[in-house]
């Protein structure tokens, strides 16, 4: 009760200070900052619970509650988005297994910040897929699952339950019945390529987010592969893979 | 404060130096099978590095150009420089010296250092020790050497060069008349040598020509002007260095060998042997009160090939189950070799199996991470992956490292989980012409053929001068052969593939929005894996019209192959 009162008295004060500044953009930013402060004070952003793995700031609009342990997240249409989701967590100490993903570009994984020391690749689990995934769920923090897997719906349910119990995140390519969050790339646009010159540099991706715990589907634009000067000079191992320029959100 | 110390002698280690003159050339001549009377020299870069006695008599000097040296002595044998050979050959000299004294320090190939006190007492006198050393090296290693004994490193090295013994406390007087350039002889590494050479040239320009002049300077001034190099040089020149020789201890490897009575060929035969050998290694390690963090598995085949692989075992988590854990590794490795799935020579029956412990540490002093021990999560993850390896076989779980290369596929190196290996190509090399970042998120394990077509529908070609025949306008990708809709569309006459249900199923063409290239990559023309490819980046409007698909395609031997997708 006491906390609520404190919040209610603090928030209008913060906004009232910012009203004096004229421009629309700063007011919007200030309002968002105030809201975020309220969220974090109440623990509504999920970070306070200690149940979420670290997520890149640029992807916060996609998964506002973070990469929650015990959840299943399905990503359709972009392997880059898949890698970007787990990159920060891997960098901060999570173990990652990639099961049934023989075609994943490991160089892209490294560039996004995934630590290869704590990464195991199981490219062809074959008929042992359920047993392999079960073993991985026991030991790893994040299990990434590829598309061509011999899994029945019963297997999927059982694995999801096991993940919930073990506190492991399953990130799936394609669809997964009963996934907590379903991300689908609806639009993508590359920049940097011309008619015979240039190279691929930067891309906007519109991600549609729907799922059990997300109310109605919403769309978010994120910039993947943000181009920066350090990459052009070469030699840097990791870059800020997902630009922190989330352009905004809109209802569906 | 420092007054009482000024006159006090520094207690320094009395040491023996055994020096083999012109070691690089002696080693090279031994390997080339030349007699000592042949004039020979070792050439490094453009200049002569070392000269044999016969060549020196003919007028060849260190630092000469090759042509000048050949002019001075036309029958001169020029031998190549090889640091590895120098070190390897010197092992024989060190072993010979170790027969006389218990421990020696190999300071650099050609120079051995031995603490003198105990050894001299054992041999009666310092002269006796020197005589024993010279005789033993001449008999066992077959090369002439000189021995010097003095206090301090520089004095001992210079005594060896002059082949004299310096009495205790006389080092300073012995060194005083020598030129400052002799300081270089006390350096053991190249970097240090360059620093000291700089110092020597400054001293010479300041008019300090002898070590006596140099040591007469006050310590504080030397340190203020020349820093730590100056302080080091001063200590050396006064014979006051106190660092004792770092002795190497001759210690045998901990390892076990199993020789098969009949060459083993069947996997069942090997499973028992693997368990047996692993148990013996465990027992040997226990007897030596040690643990190891890596095990080298080696085998000899009937054809005489040696197969070697190194596997990692983590020390902390598995003290009890070591032999079981190792038996699995040995069995997997042997199965791989016998079935020929592992890359290597032709599979052949095995005659012997060797297991050697590497990175051996005393029991109880295993070093884990800098911050705390192996975390519970790490141990859990390792156990889980080992279980998966048990399910799928060792190659079922891969560990990946980045390596050098030009295409996204070449730049990744994968090994079975737990196996140790070095990527064959270094990341730090420049790799000009590699495909620029961003890296594609999907790299096809095996490239698939695609059709890259121009506006008229004929394939785009790239000529010798990297000119594109026409801008790429359409791209046709292969469809999944199980996709019935695509199959039906493919059979339809409008698809342009009349008749024949075999061959790949092609999707309808997609329009190219933008493209870049061609980037040529011509690699390894000298070897069997030669390849000549031209890469294109293509961005196309996808089938749904909303997403843009970016591809990396390569023209290889007249066909366009899909290498990677930027998805």
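Residue numbers (our numbering), protein chains in the order written: chain H, 588 to 839; chain P, 10 to 576. Yeah, the Cβ is synthetic: ideal placement off N, Cα and C, and Gly gets one too.
Task: Between the CA atoms of residue 289 (chain P) and residue 312 (chain P) - distance to the nearest angstrom - done: 27 Å
Open item on the list: Do residue 686 (chain H) and residue 859 (chain H) count as a contact pair if the criterion is CB distance below 8 Å?
Closed with: Since the first residue of chain H shown is 588 and the last is 839, residue 859 (chain H) is not available in this structure.
- [ ] Can you grab the Cα-Cα spacing for the pair residue 818 (chain H) / residue 445 (chain P), in whole Å?
- [x] Bear in mind that a pLDDT of 37 at residue 818 (chain H), under 50, signals an unreliable position, so the number given afterwards is only what the model happens to contain. Approximately 9 Å between the Cα atoms of the pair.
Open item on the list: Just to check my reading of the structure: residue 479 (chain P) and residue 464 (chain P) have Cβ atoms closer than 8 Å, yes? What is that Cβ distance to the nearest angstrom?
Closed with: 7 Å
Task: Cross-chain neighbours of residue 676 (chain H) in chain P, by beta carbon under 7 Å - done: Ordered by position in chain P, no residue passes the 7 Å Cβ test against residue 676 (chain H), which lies about 12 Å from the chain.
Task: Residue of H:663, H:645 and H:622 minimising C-alpha distance to residue 758 (chain H) - done: H:663
- [ ] Please find out if some non-hydrogen atom of the ligand ZN comes closer than 7 Å to the beta-carbon of residue 80 (chain P).
- [x] This structure does not include the ligand ZN; it has no bound ligands of any sort.
TODO: State yes or no: is the beta carbon of residue 658 (chain H) nearer than 8 Å to at least one beta carbon in chain P?
DONE: no
Task: Limits of the beta strand (DSSP E) - the one that residue 503 (chain P) falls within - done: Where residue 503 (chain P) is concerned, there is no enclosing beta strand (DSSP E), given that its DSSP letter is neither H nor E.
- [ ] Starting from the Cα of residue 101 (chain P), find the closest Cα among P:152, P:62 and P:70 and give me that residue.
- [x] P:152
Task: 7 Å Cβ cut-off: residues of chain H touching residue 546 (chain P) - done: In chain order: 780, 786 and 787.
Open item on the list: Can you check which of these residues, P:278, P:407, P:441 and P:416, is closest to residue 426 (chain P) by C-alpha distance?
Closed with: P:407
- [ ] Go ahead and pull the three-state DSSP assignment for residue 114 (chain P).
- [x] strand
Open item on the list: Please report the distance separating the alpha-carbon of residue 432 (chain P) from that of residue 280 (chain P).
Closed with: 30 Å
Task: Proximity to residue 498 (chain P) [Cα-Cα], best of P:483, P:515 and P:55 - done: P:515
Task: Segments assigned alpha helix (DSSP H), at least 4 residues, entirely inside the region 688 to 756 of chain H - done: 693 to 699, 716 to 726 and 740 to 753
Open item on the list: Check for me: the beta strand (DSSP E) holding residue 462 (chain P) runs from which residue to which?
Closed with: 460 to 462 is the span of the beta strand (DSSP E), which, as asked, contains residue 462 (chain P).
TODO: Within its chain, find whatever has a CB closer than 7 Å to the CB of residue 53 (chain P); leave out the 5 residues flanking it on each side and keep chain order.
DONE: Once the five neighbours on either side are set aside, the close Cβ partners of residue 53 (chain P) are 90.
TODO: Between the Cα of residue 665 (chain H) and those of H:683, H:772, H:741 and H:735, spot the shortest distance and give me the residue it belongs to.
DONE: For the residues H:683, H:772, H:741 and H:735, the minimum Cα distance to residue 665 (chain H) belongs to H:772.
- [ ] Select from P:177, P:264 and P:520 the residue whose C-alpha is nearest the C-alpha of residue 249 (chain P).
- [x] Of P:177, P:264 and P:520, the residue nearest in Cα terms is P:177.
Open item on the list: Considering just the uninterrupted stretch of the alpha helix (DSSP H) at residue 239 (chain P), what are its terminal residues?
Closed with: 228 to 247
Task: Cβ-Cβ separation, residue 263 (chain P) to residue 299 (chain P) (assumed contact under 8 Å), whole Å - done: With a Cβ gap of about 6 Å, residue 299 (chain P) and residue 263 (chain P) count as contacting.
Open item on the list: Please identify the residue among H:626, H:766 and H:669 whose C-alpha is closest to the C-alpha of residue 792 (chain H).
Closed with: H:669
Task: As assigned by DSSP and simplified to three states, the class of residue 787 (chain H) - done: strand
Task: CB of residue 165 (chain P) within 8 Å of CB of residue 276 (chain P), strictly - done: no
TODO: Kindly say whether residue 348 (chain P), judged by its beta-carbon, lies nearer than 8 Å to any beta-carbon of chain H.
DONE: no
- [ ] Report all residues from its chain with a CB closer than 7 Å to the CB of residue 776 (chain H); omit the five preceding and five following residues, and keep chain order.
- [x] 790 and 791
Task: Meets three-Cβ-pair contact criterion under 8 Å: the region 736 to 752 of chain H and the region 704 to 718 of chain H - done: yes
- [ ] Can you check DSSP and say which residues form a bridge with residue 520 (chain P)?
- [x] In the DSSP output, where bridge partners are listed per residue, residue 520 (chain P) has P:483.
Open item on the list: I'd like the list of long-range same chain contacts for residue 727 (chain H), defined as Cβ closer than 6 Å, with 5 residues on each side in sequence excluded.
Closed with: Excluding sequence neighbours, residue 727 (chain H) sits near 682 and 684.
TODO: Measure the C-alpha to C-alpha separation of residue 501 (chain P) and residue 488 (chain P) and round it to an integer number of angstroms.
DONE: 15 Å
- [ ] Taking residue 285 (chain P) as the reference, give the member of P:320, P:336, P:322 and P:305 with the closest Cα.
- [x] Of the candidates P:320, P:336, P:322 and P:305, the one whose C-alpha sits nearest the C-alpha of residue 285 (chain P) is P:336.
TODO: Leaving out five residues on either side along the sequence, give the residues of the same chain with a beta carbon under 6 Å from the beta carbon of residue 321 (chain P).
DONE: Correct list, in chain order: 303, 427 and 429.
Open item on the list: Cutting at 7 Å between CB atoms, please list the residues of its own chain near residue 269 (chain P), excluding the five before and the five after it.
Closed with: 359, 360 and 361
- [ ] Work out the CA separation of residue 372 (chain P) and residue 306 (chain P) for me, nearest whole Å.
- [x] 22 Å
Open item on the list: Can you confirm whether residue 691 (chain H), when its beta carbon is compared against all beta carbons of chain P, has any partner nearer than 8 Å?
Closed with: yes
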